Amino acid sequence: MDPRQGTAPLRGNGHPLSKCGGGVPETPWQHKATRPLSSVAPRDVQSFLERRLEGGCAPSTISVDGKTLRGAFNHAVKQGPLPGNPADAVELPARNSVKRGTFTPAEIGILLEAAEGEWVDLILIAYYTGARLSDCTQMKWADVDLAAGTLTYAVKKKGGVEQQVPLHELLEARLMSLAGQDEPTEFIMPGMAQKGQGGRHGLSEGFKRIMRRAGLDLQIVQGGGKRKLARRTFHSLRHSFTSTLANAGVPEELRMKLTGHSSKEVHRGYTHLELDTLRKAIGTIPAPLQG
């Protein structure tokens, strides 16, 4: 698309839209003869996205495509060729969300037996803090206060907002066993801190390999489009954390504090009474059952 010329030329293999379902279909305004941008109507964009959906693309992919088109047309509007954005009137499909599965204490024990090295620490930290993978790997010894029995880490998804969690006695014991490696500026898991999450050799796939080695079901389900998704992934450790607290009768308000789900308050620290209450809540999480 060339906003200066007011035309939408045919593109080849370098199409900016994501590929799925056998590739990117021809856009409705791409014919043998180049059409002026001013001729593109909302129905053209809607038709294109519907054909993408029929071709097997997931709703989340279609949503990204729609936003990509909106951005391109907005640029054309700013440059002058278009009086309005034809993609603004298009309704994007709802994103399909897969309900995450959880792990039982027995399954956590099986995972730990199948894990090696820093994977043991990573699984324990996620299971007993509810922290996301990206946050777990970046935790440093400066975040650990063994005297106070707390772990305070930065939540990447919330722009570095600090989240404080009381240490479960088993996690505290694990961290104390690593004494001598606790330089404040060092990562708790230096090997994990250097690895990415995505890709075949990323941490997410690495966790799935541990699950398979342990003989645990990933609970594969049909996602949007033709993709199959696992209901149980590393993120399921976070869901197991909140689910276990809920099953133990811990009030929702406390669970939100422990997982950082509150959007109104920034919990940089708690009063002594609050911390004791949260510590009791953490203490309700059972120990992994290992053979």
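Reminder that position 93 of the sequence shown reads as 92 in numbering that gives the first Met the number 0, one-by-one numbering, no gaps. Quick reminder that beta carbons are idealized off the backbone N, C-alpha and C, glycines included. Only a predicted model underlies this, so the values are computations on that prediction, with no experimental measurement involved.
Could you check what DSSP says for residue i in three-state terms: helix, strand or coil?
i, result
"Ala75", "helix"
"Thr136", "coil"
"Leu150", "strand"
"Leu215", "coil"
"Glu161", "strand"
"Pro285", "coil"
"Pro104", "helix"
"Val143", "strand"
"Pro58", "helix"
"Pro35", "strand"
"Pro41", "helix"
"Asp120", "helix"
"Lys98", "coil"
"Tyr269", "Because the pLDDT at Tyr269 is just 47, under 50, the model does not fix this residue reliably, and the point stays unresolved."
"Arg69", "helix"
"Asp64", "helix"
"Leu111", "helix"
"Glu49", "helix"
"His14", "Low per-residue confidence applies at His14: pLDDT is 46, beneath 50, and the placement is therefore not dependable enough to give any value."
"Arg131", "coil"
"Leu274", "helix"
"Ala280", "helix"
"Ala125", "helix"
"Glu90", "coil"
"Leu81", "coil"
"Leu166", "coil"
Let me know if residue i comes out buried or exposed under the rule of 16 or more other beta-carbons within 10 Å of its beta-carbon.
i, result
"Pro35", "exposed"
"Val220", "exposed"
"Glu252", "exposed"
"Arg51", "buried"
"Leu277", "buried"
"Ser59", "buried"
"Ala32", "Only weak support exists for where Ala32 lies, its pLDDT of 47 falling under 50; the value from the coordinates is given anyway. The residue is exposed, with fewer than 16 neighbouring Cβ atoms inside 10 Å."
"Gln193", "exposed"
"Pro189", "exposed"
"Ile281", "buried"
"Leu174", "buried"
"Lys157", "exposed"
"Asp144", "exposed"
"Leu150", "buried"
Who are the Cβ neighbours of residue i in its own chain at under 7 Å, not counting the five residues just before and after it?
i, result
"Thr283", "Leu244, Ala247, Val249"
"Phe72", "Leu81, Asn84, Pro85, Ala86"
"Thr241", "Gly129, Arg254, Thr258"
"Gly65", "Leu48, Ala86, Val89, Leu91"
"Ser239", "Thr101, Phe102, Tyr126"
Considering only residues of the same chain and omitting the five flanking positions on each side of residue i, which have a CB-CB separation below 6 Å?
i, result
"Gly214", "none"
"Arg212", "Ala113"
"Leu169", "Ala286"
"Gly159", "Ala153"
"Phe186", "Lys139, Ala192"
Which whole-angstrom value describes the C-beta separation of residue i and residue j, a residue pair presumed to lie in contact below a C-beta threshold of 8 Å?
i, j, result
"Ala130", "Tyr152", "6 Å"
"Val44", "Leu68", "6 Å"
"Gly79", "Val154", "The pair is not a contact, with the Cβ atoms about 43 Å apart (cut-off 8 Å)."
"Phe102", "Leu288", "That belief does not hold up - the Cβ atoms of Phe102 and Leu288 are roughly 11 Å apart, past 8 Å."
"Leu345", "Ile122", "The structure shown does not extend to residue 345, since the chain spans only 0 to 290, so no value can be given for it."
"Pro41", "Val89", "6 Å"
"Leu274", "Pro165", "6 Å"
"Val119", "Leu111", "6 Å"
With a CB to CB cut of under 8 Å and the five nearest residues on each side skipped, what residues in its chain are close to residue i?
i, result
"Pro183", "Lys139, Trp140, Ala141"
"Thr232", "Arg99, Ser203, Phe206, Lys207, Leu217"
"Lys227", "Ile219, Val220, Gln221"
"Lys279", "none"
Residue ranges of each beta strand (DSSP E) run of no fewer than 3 residues wholly in the stretch 171-257, ordered along the chain? 219-221, 227-229
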